[in-house]
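In the working numbering, the protein residues as written are 38 to 302.
In structure tokens form, the structure reads like this:
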């Protein structure tokens, strides 16, 4: 039996019934704007990580782009912020698989081992950091509904420089075989119109590939800054796919959370 991290937020951030969860994810994907035909696969996606009724419609605008490449993506690397535990570097899972109500996904142990050979940043298993973390888990049902067969490398980001993270990301296999996801929400708990202004400014910084974002702009700023640093070095292009907040999707407009979805190619 594989040592498996069970779902921590099923029934909280997304339905714990497999049929209901699959139907909800499929509905968001089907309702997302149809993308223009792409001749090249995504290098990376930036996606939000709130409860699926809140951020799911925004995330789906990015995930829908994966449909033409579903059979070619064999490994998915996700970077997201640690909400529960502070540490240095990047945290690997201390298990062999992650589980959601839609099934089990094996950890890409070979890719993890290859990244551990780098010496620019601490990269070690940290079961405590992963145990209750939602920012990686909420991405998995989308991937399970879209991809044919893939392995997962979920990485939580602790205290780390943008340059060091960029160095790690530069060592990943190229697309379409490997897909990189950065999991982050934008501003938190501002009134609706104020959040719109803050998130519009943050989005312009993202589109200009300007690292230096802080937690008040994007909770996953460290992983995001690492990706933006790498994108500048490699001359990648970036496209905004969606920019909304919880007041647009499923919540009150008194105190909202911002969500953005972006494509790098």
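Every residue, glycine too, gets a C-beta built ideally from N, C-alpha and C.
From a predicted model like this one, the values you see are computed outputs, not experimental measurements.
Going by beta carbon distance, what residues of the same chain come within less than 8 Å of residue i, once the five residues before and after it are set aside?
i: residue 139; result: 55, 58, 59, 177, 178, 181 and 182
i: residue 226; result: 292, 293 and 294
i: residue 63; result: 182
Rank the options by C-alpha distance to the C-alpha of residue i and give the top, closest one.
i: residue 276; options: 246, 172, 258 and 257; result: 246
i: residue 216; options: 120, 67 and 302; result: 302
i: residue 133; options: 278, 48 and 189; result: 189
i: residue 114; options: 152, 125 and 89; result: 152
i: residue 128; options: 100, 202 and 67; result: 202
i: residue 142; options: 39, 211, 90 and 159; result: 39
i: residue 96; options: 270, 78 and 61; result: 61
i: residue 211; options: 148, 222 and 170; result: 148
i: residue 175; options: 228, 222, 122 and 242; result: 222
i: residue 123; options: 272, 268 and 196; result: 196
i: residue 213; options: 41, 92, 52 and 111; result: 111
i: residue 89; options: 198, 73, 66 and 71; result: 66
i: residue 103; options: 73, 285 and 234; result: 73
i: residue 71; options: 51, 86 and 94; result: 94
Tell me which residues share the same chain as residue i and place their Cβ nearer than 6 Å to its Cβ, disregarding the 5 neighbours each side in the sequence.
i: residue 252; result: 258
i: residue 108; result: 185
i: residue 159; result: 125 and 126
i: residue 137; result: 44, 177 and 178
Could you tell me if residue i is buried or exposed, where buried requires 16 or more neighbouring beta carbons within 10 angstroms of its beta carbon?
i: residue 49; result: exposed
i: residue 281; result: buried
i: residue 254; result: buried
i: residue 98; result: buried
i: residue 236; result: buried
i: residue 101; result: buried
i: residue 238; result: exposed
i: residue 284; result: buried
i: residue 234; result: exposed
Would you give the residue range spanned by the alpha helix (DSSP H) that residue i belongs to?
i: residue 179; result: 177 to 183
i: residue 99; result: 89 to 100
i: residue 64; result: 55 to 68
i: residue 234; result: 229 to 244
i: residue 114; result: Unbroken run through residue 114 is the beta strand (DSSP E), 112 to 118; no alpha helix (DSSP H).
Quick one: what's got a C-beta closer than 7 Å to residue i's C-beta in the same chain, skipping five residues either side?
i: residue 219; result: 81, 83, 116, 257, 260, 261 and 264
i: residue 105; result: 75
i: residue 244; result: 275 and 277
i: residue 47; result: 53, 137 and 138
For residue i, report the span of its beta strand (DSSP E) as first-last.
i: residue 269; result: Not the beta strand (DSSP E): residue 269 falls in the alpha helix (DSSP H), residues 258 to 271.
i: residue 152; result: No beta strand (DSSP E) holds residue 152; the alpha helix (DSSP H) holding it covers 146 to 153.
i: residue 279; result: 275 to 282
i: residue 190; result: 188 to 194
i: residue 218; result: 215 to 220
i: residue 298; result: 293 to 301
i: residue 81; result: 81 to 84
I'd like to know if the region 121 to 132 and the region 156 to 170 are in contact, where contact means that at least 3 CB-CB pairs between them fall below 8 Å. yes
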